[in-house]
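Presented below is the structure to which this report refers.
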Amino acid sequence: MPADKPAILFVCLGNICRSPLAEAAFRIEAERAGLEAEVDSAGTGAWHAGESPDRRAQAVARRNGVDISDYRARRVDPADFHRFSHIVALDGDNLAVLRRLRPQEGAALSLLLDHVPGRRGEAVADPYYGADAGFDATWADVTLGARHLVRALKA
Ligand code: 4NP
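Each number in this note's numbering corresponds to the 1-based position in the sequence shown with 5 added.
And the structure:
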C-alpha cells in the first residue's frame, strides 16, 4: 500500500468519458494546490480497452487547457486495490462493482461527488449517449469533485 503520497484511481464504466476527465481535472487541481499524487483512471468494463478517450471528452479537455489524447482505456485490475490508496467511482453502479472486487485492506472507496458538500451520493451523469453539451456538465462536475478531493487530501 502506498504510504508517502496519495495514489488515486478514478473509475467509470468505459474509461473513455468520465474517468479520464476526472483524472485530467484532478491533475490540474493537484498541481494548482501543490499536492503530489499518483493519478490514473480505469473502467469496470473492457469494451474500450486500448482506446483513446471519446473525441468529445478530448474536446472538452482541450477547451479547458489539457490534452488527454495519449490516455488509453483499461479495465480495473485486482492489483489496483493495492497500488492505489483511494479508488474513486464516478457513479453508484461502478462503486457497487468496486465493492464486490475489493479485497480486505484494499484501497479506500468513495464516490467522487461524496467529497463535495451537499452532493453526497450523487453520480456524475454518463454523457456517452447524450448531446455534446453533456460533456461540459461532466467537466464541471469532475472539476468540482477533484477540487474538494485535493483539499481533503491536503488536510
Ligand atoms: P464512461 O462512458 O463510463 O464515462 O467512459 C461510457 C463509455 C462507453 C460506454 C458506456 C459509458 N459503452 O457502453 O460503451
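Ideal placement from N, C-alpha and C gives every residue a C-beta, glycine not left out.
Taking the Cβ of aspartate 45 as the reference point, every heavy atom of ligand 1 lies at 8 Å or farther away. If you look at serine 24, you'll find it in the alpha helix (DSSP H) that goes 23-38. Annotated as distal: leucine 114 and glycine 126, with beta-carbon spacing of 9 Å or more. The way I'd put it, the region 48-57 does touch the region 11-18; three or more beta-carbon pairs between them come closer than 8 Å. Boundaries of the beta strand (DSSP E) harbouring leucine 114: 113-116, taken from the DSSP string.
Contact check for isoleucine 13 against aspartate 59 fails: the beta carbons are separated by 9 Å or more. Nearest Cα to valine 121 within the set Phe89, Asp85, Arg156 and Ser57: Arg156. Counting along the chain, no beta strand (DSSP E) covers histidine 53, and no H or E run does either. Nearest to valine 65 by alpha-carbon distance, out of Ile21, Ala35 and Ala54, is Ile21.
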